[in-house]
Every structure is written in structure tokens, then in C-alpha cells.
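A.B. asks:
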Amino acid sequence: MKRKESSLMSIFLIILCFNSIIYYEIQDTDLSNNNNPINELIPQNDSDLDDDSFQNDDSFLIKKDLIEGDFKTLAYFSGGGTELGNDLIDDPEYPNDPENNDTLYYPNVLEWVTYDEIKDGGHIPKELYWRALSIEPITWPSTANVWHQQRERNNPHEPSKMFSPVFTEDWEISGRVYYLTYITTPSDAYFSEYINIDMRFSLHLFNPVDQNKTMLTSVIQPFTVNTSLTQRTFSSEIGGTYTIPAGYRLLYDIEYRFSSIPSSGSLLMYTGYPAGGAGSLTWTITDPTYGNTYTLNNNQRMAGVQLYMHSKEFPDINVYGVTNNTVYSSAENVTVDVTDGSISSYRWDGGTWNSFVNDTLTQIPAIHGWHYLEIKASDPVFNNTNVVMYKYGYDASTENLILNNAISSDRLEGGFILDFSVFNVSTVTYEWDANGTEFPLLSPYDIVTDMFNGWHNLTVATSDFYENKTYFYIFEFDSDNPIISLYNVVNGSIYVPGKNIELKITDNSTFSYLKYSWDSGANQSWTEAPSNIYTTNLPVTIGQRTLEVYVEDVFNHTSYSYYEFWTDDTFFNVDLVNLNDGGYYQGGNTIELIVQRSNTTCYYSWNSGPETLRLLVSTSLVLNGGDAMPTSEGLNTLTIRTFNLTHHEHSFNFTFIVDNTAPVISNIQGYNDTRNLGSMEFFIYVEDNFITDNTTLIVEYSIDGKIYQSLPYDFIFSLLPYSDGDHTLDLRVRDLAGNIAYQ
Numbered sequence: 003m004k005r006k007e008s009s010l011m012s013i014f015l016i017i018l019c020f021n022s023i024i025y026y027e028i029q030d031t032d033l034s035n036n037n038n039p040i041n042e043l044i045p046q047n048d049s050d051l052d053d054d055s056f057q058n059d060d061s062f063l064i065k066k067d068l069i070e071g072d073f074k075t076l077a078y079f080s081g082g083g084t085e086l087g088n089d090l091i092d093d094p095e096y097p098n099d100p101e102n103n104d105t106l107y108y109p110n111v112l113e114w115v116t117y118d119e120i121k122d123g124g125h126i127p128k129e130l131y132w133r134a135l136s137i138e139p140i141t142w143p144s145t146a147n148v149w150h151q152q153r154e155r156n157n158p159h160e161p162s163k164m165f166s167p168v169f170t171e172d173w174e175i176s177g178r179v180y181y182l183t184y185i186t187t188p189s190d191a192y193f194s195e196y197i198n199i200d201m202r203f204s205l206h207l208f209n210p211v212d213q214n215k216t217m218l219t220s221v222i223q224p225f226t227v228n229t230s231l232t233q234r235t236f237s238s239e240i241g242g243t244y245t246i247p248a249g250y251r252l253l254y255d256i257e258y259r260f261s262s263i264p265s266s267g268s269l270l271m272y273t274g275y276p277a278g279g280a281g282s283l284t285w286t287i288t289d290p291t292y293g294n295t296y297t298l299n300n301n302q303r304m305a306g307v308q309l310y311m312h313s314k315e316f317p318d319i320n321v322y323g324v325t326n327n328t329v330y331s332s333a334e335n336v337t338v339d340v341t342d343g344s345i346s347s348y349r350w351d352g353g354t355w356n357s358f359v360n361d362t363l364t365q366i367p368a369i370h371g372w373h374y375l376e377i378k379a380s381d382p383v384f385n386n387t388n389v390v391m392y393k394y395g396y397d398a399s400t401e402n403l404i405l406n407n408a409i410s411s412d413r414l415e416g417g418f419i420l421d422f423s424v425f426n427v428s429t430v431t432y433e434w435d436a437n438g439t440e441f442p443l444l445s446p447y448d449i450v451t452d453m454f455n456g457w458h459n460l461t462v463a464t465s466d467f468y469e470n471k472t473y474f475y476i477f478e479f480d481s482d483n484p485i486i487s488l489y490n491v492v493n494g495s496i497y498v499p500g501k502n503i504e505l506k507i508t509d510n511s512t513f514s515y516l517k518y519s520w521d522s523g524a525n526q527s528w529t530e531a532p533s534n535i536y537t538t539n540l541p542v543t544i545g546q547r548t549l550e551v552y553v554e555d556v557f558n559h560t561s562y563s564y565y566e567f568w569t570d571d572t573f574f575n576v577d578l579v580n581l582n583d584g585g586y587y588q589g590g591n592t593i594e595l596i597v598q599r600s601n602t603t604c605y606y607s608w609n610s611g612p613e614t615l616r617l618l619v620s621t622s623l624v625l626n627g628g629d630a631m632p633t634s635e636g637l638n639t640l641t642i643r644t645f646n647l648t649h650h651e652h653s654f655n656f657t658f659i660v661d662n663t664a665p666v667i668s669n670i671q672g673y674n675d676t677r678n679l680g681s682m683e684f685f686i687y688v689e690d691n692f693i694t695d696n697t698t699l700i701v702e703y704s705i706d707g708k709i710y711q712s713l714p715y716d717f718i719f720s721l722l723p724y725s726d727g728d729h730t731l732d733l734r735v736r737d738l739a740g741n742i743a744y745q
């Protein structure tokens, strides 16, 4: 706030919505000399100012200096002052005319005014004087050689005192005090005996609260009867420098003492009798240090005092429109406001001072980096100077680092070149997987990735003029060829014709080509399976059978496998065609079996229940409809009882685990609609009713509606790769039976 007034003594995961709020942490002066002191405060390397502990803290200033100014001579006079009441008369027996008995209305307890207020006159005269007559014994001193107050002859016999206004700030006073008086006595004054009269002019610190006073200095002068109306100047020295506390006054006091008390007499004495009207008064003080001349127009006589004082009040400086220690992307307006009447100026970055009156508008320089606004304001009387410095940053770039050719969580090929753009930074470093080894990132700011496989995180750290900032990325890499392996059979083995063959094909990315062929025949395609299990069947023809598998991923990594099997229909055997013994299913599945070299009589039963007779057609046994796999959850056993060609009985057992209950994602809803730091990790707990080994569960996620990606065991999802703002997360979990849970 601008201080307009001056004191009397002064001159002046179903879809899981979450917010990832990512916090980046690493975290006596010659003012006319343009090179001093700003250059001592601005480091040669601005990056050294990266200290987030003061970020956006208005209380922290780069510099705040209060430079005390000079002592000045100031003159004050009685004429035109305000009459003061009982609160400043330390003798309660004589209140300040409570009954209005002073018909002449010559008040004696005054508040002085400044020279500038009285110099042109025209004010009601006020006076400091003493009238003493034998008929008014109250005005006579009662004790010899004791200082007495000079009092008014008329009721209520006020003492003559002159006070300063109350000080609203601390001041200091020192040096020599000069007193202006007009001492005069009429010619009819007489005393019955010869006496000596002394007068004492003194200056005191006065506390209005308890009316205690402390004398700072005084001067004693002899008084002579029949003194003509003459201007008198006296002076005394203050021994040191004293503080005038705020709330105190100064007291200019006049006292007298008699060497003895006469039995009778009459005396009328004036010590400062103003007279308005024509004419003027000139007070000249001849002193090499304190010399001055004061001219009071329209006043012929006056009491006054000259003091050597110094105010300890400093101009206020306020800045609006911007926040200290803050970075702006545009050249913001800065309003500077100082106490009215101050001598003020400002400069940017130690440059040229720009003067202004009361307030001004400037702008943050539109040059990238920290900028320092230095402001000084001095009061015009004592030169008390307030100097402050603020720090503002200018950065037109919205980001210091941009990855141009990928986004976090992308799947990349090993050896991929990450292309970064870097803006207004001093240093850039990076490290992989938080392993503690940092590498400098130099122009053209490309990172050639290693031949990684799987998930790897990248940390890029930048330092600019304002702060250290950290960027996190995570990528899934694929540097190797796909892996092909047999899942339920052994290469080179003999099987019944039509036997189901399962292969496991895995890769760190997705497939663009999945082909197989039997006996060098036509290529057939598989659809990519989340379980990575791919199924075909042995040809029914007898003999050597060859299986060729060719796969290619999206990064053109290829794999080729060649397998040999033999089919033989000459031995007695029962085998599954479309399912796996010990496999997980949802129930109700059709069962296809090959019963080879039997007498066509075949019995089957489920879970040791009643047997059902089936006569075989060729070698195929199909159980469907009501005979299909039971839907009751748990272990279900299929028993096949049949006979070979010599009518010997044989039994074959096949087990299937029926599971038609989806997995459970137990805790992810607790993260829904929450705000989290970018370093947050979600621990996704999943469970299944028939699978105790959670590593066999397939957990996949999709962020912001993108394609699903696998989440490796132990199923931890990190927010590090993602930008600030709202994101959606979809989860799905698949068990071995194909049941899927979504969140």
C-alpha cells in the first residue's frame, strides 16, 4: 500500500481416472555506481542460482539495504502552535484553566510548529511568559536556589512549556541546540532586597504516558531587571546521540531560580511574546556546523528552538503484478510504488538508473534468463535510503526438453535413436534404469539405445537458469528374434494321426507374420494369441510329417523352426485331439479323441460316474452336448474304457480343470479418481480361484485408450512415464481358462 501521509515530524481400473501431478525435484554503499553493488550479487554462472527452497517465496529478497542518511538542522517555533491540556502539565494542582479564568487567553502550554508552517505568519499569537507580583504569591518561588517553573500571573497560573508533536517513528538527536527568546521586563519591576536571578533553558525527552522526562541539555543565563525587549540566542551541547522513541515528545522548558526570596516586589517578565501584524523577525545562527537564518513574516517576536536531528523512517517500496523468484513466459508488467515525495529510481540487471516520481510501470526484460530489479527510494530531507532487489525469470519456451519421435511407454526396437529437442538449458544428462551412471547429452541431442529387451526406463535431467528438472520415460524394447518352442509334444516323436500340436511363440513385441505349413504344403496363418499358445493338428496320413513355422515381429525380427513327427496307426492308443490333458477350461467343451486299433467298443464316464457305451465310427470319439466336459468348477476326470483288437481291456484317464470364474483385481479401485505424484507406483493385486501361481496370469493394461500391453509380474504400474494431467487406465486379467476380468 502506498503511504500517502507523513508524520508531523516527517517531511515524507474399470476405467481408472487419476491425476498424475509430477513434481520434478533434484530443486555504506555508493548507489550511483552502476557496477556496485549489483555485480557482486549476480553470479557469473546463473545456473548456480538453482535453489528451489526460495521458489515463489515473496519474503525472500535478493537484497534489502536500509542506508541511514544525514542529520539536519530543523527549527520549531511557538507561534501558531496548538494549546495542550492537563495531560502535559506535570503539576495537577494547577490545571489548564478549567474555569476559563484567563480572560486574556494567553495559553502557555504549547505544541511547537515547524519553520515552514509559521514563516509566513498570520497566526493567532501564542506566548511563553511569566508575570510575578507580590499580590500573587503563588507565582513567586518558595525556595531559594531551586529551579521553579515560569508561571502565568493570572489564574490558573499555567507553567510555560513548549512541546513537540508526538513522534510517530524513532528519531535521533545530537549536536548543539539553539534557543530563541525575547526576554523583557518593564521598568516598574522592583524587589525589596537585592537578589540574583538565573534562567535555565532546557531540552528534555518526554514520555506522555507517565510524564517522565529526561534532560538532554540545558543552558543557564543570568537575568537582569529592566531588560529591554531584545532578541536573545542561547545554545547548549547534547553530549552524544540519543534516540527519540516513537510515541515520545521533546520538551522545551523554561525555569528560573532566586538567590534569595525577597519580602516584596513586582516583576513582569516575558520570554517569548509573539506579536502578529506588520514587520518580520529574522533569527540568524552563526555557526560553522549549525548556522542558519530564519525569517518569520508578520511576526515581530517569537520563542523558538533549532535542533540537530535525524529521522529513522525509511520510504516504503512496494512491487505489484509479479511474484519474486518466479519465472514468466512473457514480459510481465511490474508496478513499482514508493512513499510519495521520495527521490526514487530503478534499474534492471545493474544497468542505468531510471528516475521516477511516486510510482512507475516497467517490464521484465524479454531476454531468457534471470533478471534483477533494483529499486531505491530516499527521503528528500535526511536522505534515508531504502534499497531492495527482486529476481524474476523470463523463459518463453514452454518446455526445456521435447522427445520428437517417441512417447513414454512406446515399444521400440533395440538400437532406436531417440531424437530430443532442447531449449534454453545449460546442461543435459541421462541415465538408464536409474543405475547411477549419467551421460552428458550433447548436440544434436540424440540417444542411441542399447540392444535392450523388455522394459527399461530413461531419466533425462536438465539444468536451466531457474531450476533443475527431471524427465522420466519408460519404453518396452525388442532386440531379439521371436522364440518358437513345442508346448505339448516332443520333436521326433510318434503320435496318432490328427494329434493336436501346441507351440509356444513369444516375442517382446507383436507379430506381423505368423505362418506354418505341413509337409511343405501351403502356408496357413495363426491369429496372435494373448496366451502365446498356437495349435495345429498332425495330418491323418501315416508316416513322417514335417512342420515348418515362420514368424516375424513388427521390427522385422524373424524366426524359423522345423519339426518332424511320425504318425502311426498300427498301435493301440487313445489320445486327445483338440484339448490338453490337465488343461484349464471353462466347461462345456466338446471332447475329441482318437481311439486307435480298438475293437470299436468304448465306454466313457465323468468323475467315476455311470459309464456310457459308444460304438466307434472309424477311430474318432466325439463327446458333445450332454456328454461334453462338465461345467462344474474344479477337477473333472474323463475315463475311457476300451478294448484292443485281441479284446483286452484298457482304461485311460484324462483330467481337466474347469474354471468359469474370472480373476479378481482386488485393490485398484482405491487409486480411482485420485491425484498422485509422478513417482507413484500402483501395486496391482490379482488372484484366481484355481491358480495359486499368479505368474501364469496374463495382466495387460491400456493407458488413455491405446493398445493393450502386457504388464510383467509382479504387476507394478508406474506413473513416471506420463505427463501431468488426467489419464485413464484400463486393466484386463486373463487366466489359463480364458476368463477375463476388466477394470
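Each number in the numbering used here corresponds to the 1-based position in the sequence shown with 2 added.
Yeah, the Cβ is synthetic: ideal placement off N, Cα and C, and Gly gets one too.
Going by the beta-carbon positions, is the gap between residue 370 and residue 350 smaller than 8 angstroms?
C.D. replies: No, the pair does not count as a contact, with Cβ atoms beyond the cut-off.
A.B. asks: What is the DSSP secondary structure of residue 480, reduced to helix, strand or coil?
C.D. replies: Strand, per DSSP.
A.B. asks: If you follow the beta strand (DSSP E) that residue 746 is part of, which residue opens it and which one closes it?
C.D. replies: Outside the displayed span of the chain (3 to 745) sits residue 746, for which this structure offers no information.
A.B. asks: If you scan the stretch 361 to 431 from start to end, which runs of the beta strand (DSSP E) of 3 or more residues do you find wholly inside it?
C.D. replies: Correct list: 361 to 365, 371 to 380, 387 to 396, 403 to 405, 413 to 415, 419 to 424.
A.B. asks: Report the option in 213, 241, 212, 209 whose CA atom is closest to the CA atom of residue 220.
C.D. replies: Ranking the options by Cα distance to residue 220, first place goes to 241.
A.B. asks: Just the C-alpha distance for residue 431 and residue 475, rounded to the nearest angstrom, thanks.
C.D. replies: When rounded, the distance between both Cα atoms is 14 angstroms.
A.B. asks: What does the alpha-carbon distance come out to for the pair residue 363 and residue 119?
C.D. replies: Each residue's alpha carbon lies about 35 angstroms from the other.
A.B. asks: Can you give me the C-alpha to C-alpha distance between residue 607 and residue 517, rounded to a whole angstrom?
C.D. replies: Answer to the nearest angstrom: the Cα atoms are 38 angstroms apart.
A.B. asks: When DSSP labels each residue in this structure, what does residue 572 get in the three-state scheme?
C.D. replies: If DSSP states are grouped into helix, strand and coil, residue 572 belongs with coil.
A.B. asks: Run the CB neighbour count on residue 145, radius 10 Å, all protein chains shown included, and call it buried at 16 or more, exposed below.
C.D. replies: Counting Cβ neighbours within 10 Å, residue 145 comes out exposed, since fewer than 16 surround it.
A.B. asks: Can you tell me whether residue 451 is buried or exposed? The criterion is at least 16 other CB atoms within 10 Å of its CB, across all chains shown.
C.D. replies: By the 10 Å Cβ count, residue 451 comes out buried.
A.B. asks: Does the beta-carbon of residue 183 have 16 or more other beta-carbons within 10 angstroms, so that it is buried, or is it exposed?
C.D. replies: Label assigned to residue 183: buried.
A.B. asks: Classify residue 315: buried if its beta carbon has 16 or more other beta carbons within 10 angstroms, exposed otherwise.
C.D. replies: Per the 10 Å Cβ criterion, buried.
A.B. asks: According to DSSP, which residues form a beta bridge with residue 649?
C.D. replies: Residue 649 is not bridged to any residue.
A.B. asks: Apart from the five residues just before and just after residue 710, which ones in its own chain have a Cβ nearer than 6 angstroms to its Cβ?
C.D. replies: So the list reads 702, 704, once near-sequence residues are dropped.
A.B. asks: Quick one: Cα of residue 289 to Cα of residue 395, how far?
C.D. replies: Whole-angstrom Cα-Cα distance: 54 angstroms.
A.B. asks: What first and last residue would you give for the beta strand (DSSP E) that runs through residue 64?
C.D. replies: Element bounds for residue 64: n/a, residue is neither H nor E.
A.B. asks: Looking at the secondary structure, which residues open and close the alpha helix (DSSP H) in which residue 119 lies?
C.D. replies: Residue 119 -> alpha helix (DSSP H) spans 117 to 120.
A.B. asks: Could you tell me whether the Cβ atoms of residue 166 and residue 152 are closer together than 8 angstroms?
C.D. replies: Not in contact: residue 166 and residue 152 (Cβ atoms no closer than 8 angstroms).
A.B. asks: Check whether the stretch 301 to 321 and the stretch 69 to 80 are in contact - that is, three or more C-beta pairs closer than 8 angstroms.
C.D. replies: Yes: at least three Cβ pairs fall under 8 angstroms.
A.B. asks: Determine the DSSP secondary structure at residue 555, reduced to helix, strand or coil.
C.D. replies: Residue state, collapsed to three classes: strand.
A.B. asks: Quick one: what's got a C-beta closer than 6 angstroms to residue 554's C-beta in the same chain, skipping five residues either side?
C.D. replies: These residues qualify, in order along the chain: 514, 515, 560.
A.B. asks: What residue range does the beta strand (DSSP E) around residue 260 cover?
C.D. replies: Its beta strand (DSSP E) spans residues 251 to 260.
A.B. asks: The beta strand (DSSP E) spanning residue 623 covers which residue range?
C.D. replies: Taken as a continuous stretch (DSSP letters only), the beta strand (DSSP E) holding residue 623 covers 622 to 625.
A.B. asks: Compute the distance between the beta-carbons of residue 595 and residue 617, then report whether it is under 8 angstroms.
C.D. replies: The answer is no: Cβ separation not under 8 angstroms.
A.B. asks: Return the chain-ordered list of same chain residues with a C-beta closer than 8 angstroms to the C-beta of residue 333, the five sequence neighbours on each side being excluded.
C.D. replies: Excluding residues within five positions, the ones whose Cβ falls inside 8 angstroms are 365, 366, 367, 368, 396.
A.B. asks: Identify, in the order they occur along the chain, each residue of the same chain with its Cβ nearer than 7 angstroms to the Cβ of residue 698, setting aside the five sequence neighbours on each side.
C.D. replies: For residue 698, where only same-chain residues beyond five positions count, the Cβ hits under 7 angstroms are 738.
A.B. asks: Is any beta-carbon of chain D found at less than 8 angstroms from that of residue 176?
C.D. replies: In the displayed structure, chain D is absent; only one protein chain is listed.
A.B. asks: Between the beta-carbon of residue 282 and the beta-carbon of residue 294, is there less than 8 angstroms?
C.D. replies: No, the pair does not count as a contact, with Cβ atoms beyond the cut-off.
A.B. asks: Can you name, in chain order, every residue of its own chain whose Cβ lies under 6 angstroms from the Cβ of residue 625, other than the five neighbours on each side?
C.D. replies: If we look at residue 625 and ignore the five residues flanking it on each side, its Cβ neighbours are 593.
A.B. asks: Please state whether DSSP places residue 813 in a helix, a strand or coil.
C.D. replies: No answer is possible for residue 813: it lies beyond the span of the chain, which begins at 3 and ends at 745.
A.B. asks: Name the DSSP beta bridge partners of residue 463, please?
C.D. replies: For residue 463, which the question treats as bridged, DSSP gives the partners 431, 472.
A.B. asks: Note the first and the last residue of the continuous beta strand (DSSP E) segment covering residue 594.
C.D. replies: Unbroken beta strand (DSSP E) run through residue 594: 593 to 598.
A.B. asks: If the criterion is Cβ atoms closer than 8 angstroms, does the pair residue 568 and residue 546 meet it?
C.D. replies: Yes, they are a contact pair.
A.B. asks: Does residue 325 come out as helix, strand or coil in the three-state DSSP assignment?
C.D. replies: Reduced to three states, the DSSP call for residue 325 is coil.
A.B. asks: Are there 16 or more other CB atoms within 10 angstroms of the CB of residue 406, so buried, or fewer, so exposed?
C.D. replies: Classification for residue 406: exposed.
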